[in-house]
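Taking it in order: structure first as structure tokens, then the write-up.
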Amino acid sequence: MKQNTAGFFSRHTFSTPEENWNGRFEWYDKMRKTSPITYNEEEKCWDIFLYEDIEAIIKNKEVFSSQRPVQQGEPNILSLDPPRHTQLRSLVSKAFTPRELNLWKPRIEQITENLIDDMKGKTTFDLIKDLAYPLPVMVIADILGVPEEDMGDFKRWSDLLVAGPEDSSAEALQRLQKLRTQSITEMDTYFEEIIKYKRTHPKEDIISILIDAEIEGQKLTDGEIVSFCRLLLAAGNETTTNLIGNTLYGLLEEPSHYQEIQQNPEHITLAIEEGLRYRSPVQALHRIAKEDKEIRGQNIRKGDSVTLWIGSANRDENKFENADQFIINRKPNPHLSFGKGIHFCLGAPLARMEGQIAFEQLTKEFSKVCIPHNFELLPIQSAFVFGLKEFPLEVQEH
Numbered sequence: 008m009k010q011n012t013a014g015f016f017s018r019h020t021f022s023t024p025e026e027n028w029n030g031r032f033e034w035y036d037k038m039r040k041t042s043p044i045t046y047n048e049e050e051k052c053w054d055i056f057l058y059e060d061i062e063a064i065i066k067n068k069e070v071f072s073s074q075r076p077v078q079q080g081e082p083n084i085l086s087l088d089p090p091r092h093t094q095l096r097s098l099v100s101k102a103f104t105p106r107e108l109n110l111w112k113p114r115i116e117q118i119t120e121n122l123i124d125d126m127k128g129k130t131t132f133d134l135i136k137d138l139a140y141p142l143p144v145m146v147i148a149d150i151l152g153v154p155e156e157d158m159g160d161f162k163r164w165s166d167l168l169v170a171g172p173e174d175s176s177a178e179a180l181q182r183l184q185k186l187r188t189q190s191i192t193e194m195d196t197y198f199e200e201i202i203k204y205k206r207t208h209p210k211e212d213i214i215s216i217l218i219d220a221e222i223e224g225q226k227l228t229d230g231e232i233v234s235f236c237r238l239l240l241a242a243g244n245e246t247t248t249n250l251i252g253n254t255l256y257g258l259l260e261e262p263s264h265y266q267e268i269q270q271n272p273e274h275i276t277l278a279i280e281e282g283l284r285y286r287s288p289v290q291a292l293h294r295i296a297k298e299d300k301e302i303r304g305q306n307i308r309k310g311d312s313v314t315l316w317i318g319s320a321n322r323d324e325n326k327f328e329n330a331d332q333f334i335i336n337r338k339p340n341p342h343l344s345f346g347k348g349i350h351f352c353l354g355a356p357l358a359r360m361e362g363q364i365a366f367e368q369l370t371k372e373f374s375k376v377c378i379p380h381n382f383e384l385l386p387i388q389s390a391f392v393f394g395l396k397e398f399p400l401e402v403q404e405h
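Numbering (my numbering), first residue to last: 8 to 405.
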């Protein structure tokens, strides 16, 4: 997960739901045009907004480091540089090869079908609660090898890992940090017990694979395995949930889009990519400069913190024609929502597969859904994760 510094959240906490949902894109637009690289003196952090600059920094691992302190426990692969990053990534990547994903596909289809069966016959349902949240959590629970019955805890823990404070006050930040610390402690204790059990009861799951794995003759520590589990749980949950929710919201803003993918299921893939671009589930990444670097006349010094606004890069009119429009058949679509380079999201193929299956089955079962007239936005309160806490929808007949 990205470093959750006090300055980052206090600077970019949005005061109203509408500001959180729409205002940030207006802010990105303004900053791209007036201050594409800006330094906040109070918080000692650079904000970067243009696609070209963000892409270059993400790809430049020699100058911009992902390594940073962690609040608790061992750092995960997002917080490491080579060679340790390369070693650890090579282990977990075995669970996300095309061959492994094809083995998981029938299970994902079955989970999706079961969830949608429970939605049948209803005149209203909540996309997040009924489908977009439970689907990826049940899938990642299977992949990790942990009980689906613990889903409620998974949701609570992962929500706190990505949450922002209620407001910009020091008290709100302290409350959040206390809750997050408690959540991480509970999560780590939970996974430590799972690891202990699987040492004597191994199965075909990631935790068992990591227990058995070696790097240069050395086994992974329990702390390193717990860190993997924490990352996969949060990333496997939040990203896919918001991919599904944000994409459907974009489709329903112009109802003909929903009918388009319903009548032409082959367009679902492109619609998902546009959903990822238009309202990116992850809005920002963090890096540290390993040496002095000049960008657009600005001198970034060794040790400086850099925040890369992915949500802005994906709306950059220099890269995307009609960048502020949701275009379901946009092609090419080189968005940065899954990162790039050595830290490209390992779970991206899994998230895309889950989204594809979810939309195929949703559009097959529900001929027409719409956003209620009394719908009130309730976005996730986070500066860098973007999505809806709730998304109630009305089912309409033919």
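All C-beta atoms in this analysis are idealised placements derived from N, C-alpha and C, irrespective of residue type, glycine included.
Contact annotation, F393 with G318: C-beta distance approximately 7 Å; criterion of less than 8 Å satisfied. Within the stretch 326-400, the complete alpha helix (DSSP H) segments of 4 residues or longer fall at 355-372, listed in chain order.
The three-state reading of DSSP puts Y46 in strand, counting E and B together.
Secondary structure in the stretch 233-286: the alpha helix (DSSP H) runs of 4 residues or longer, each lying completely within the stretch, are 263-270 and 275-285 in chain order.
In the displayed model, V70 falls within coil according to three-state DSSP, outside both helix and strand. In this structure, R308 sits away from I65, with a CB-CB distance that is not shorter than 9 Å. Within a 10 Å sphere around the beta-carbon of S389 sit 16 or more other beta-carbons, which makes this residue buried. Contact annotation: L142 and I118 have beta-carbon atoms nearer than 9 Å. Shown here, A296 sits in a strand according to DSSP, grouped into three states. One thing to note: P379 has its Cβ within 9 Å of the Cβ of L400. With contact defined as three or more Cβ pairs closer than 8 Å, the stretch 359-377 and the stretch 205-218 are not in contact.
Secondary structure note for Q181: its alpha helix (DSSP H) is the uninterrupted segment A177 to K205. For the options E324, L357, S263 and I150, the alpha carbon positioned closest to that of T248 is the one of L357.
In this structure, V376 is the residue among V376, D331 and L151 with its C-alpha nearest to the C-alpha of T131. F161 carries a helical assignment under DSSP once its states are collapsed to helix, strand and coil. In this structure, the alpha-carbon of S100 lies about 12 Å from that of R106.
A residue is called buried when at least 16 other Cβ atoms come within 10 angstroms of its Cβ; S263 does not meet this threshold and is exposed.
If you look at F32, you'll find it in the alpha helix (DSSP H) that goes R31 to T41.
Counting along the chain, D149 sits inside the alpha helix (DSSP H) bounded by residues P141 to L151. Nearest in C-alpha terms to I213, of all of T104, F382, H350 and E50, is T104. In this chain, the alpha helix (DSSP H) harbouring N121 covers P105 to M126.
The closest CA to that of N47, considering only G304, Y204, S312 and P24, is found on S312.
P341 is the residue among L110, P341 and L168 whose C-alpha sits nearest the C-alpha of L283.
Per DSSP, the unbroken beta strand (DSSP E) holding D54 starts and ends at C52 to I55. 9 Å or more divides the Cβ of L151 from the Cβ of L250.
In the three-state scheme derived from DSSP, where H, G and I count as helix and E and B as strand, K226 is classed as strand. Between the C-alpha atoms of Y256 and A320 there is a straight-line separation of about 20 Å.
In terms of CA proximity to Y285, R337 leads the group P272, K205 and R337. For S100, there is no enclosing beta strand (DSSP E), since its DSSP letter is neither H nor E. Under DSSP, the beta-bridge partners assigned to A291 are W316.
Secondary structure at D133: strand, using DSSP grouped into helix, strand and coil.
Counting C-beta atoms within 10 angstroms of its own C-beta, S97 has fewer than 16 neighbours from the protein chains shown and is therefore classed as exposed. Pairing T188 with Y197, the inter-Cα distance amounts to about 14 Å. By the neighbour-count definition (other C-beta atoms within 10 Å, threshold 16), K205 is a buried residue.
When I222, R182, L395 and F366 are compared, the shortest CA-CA separation from I279 is found for F366.
With respect to the C-alpha of E245, the residue from W34, R163, F333 and D331 having the closest C-alpha is R163.
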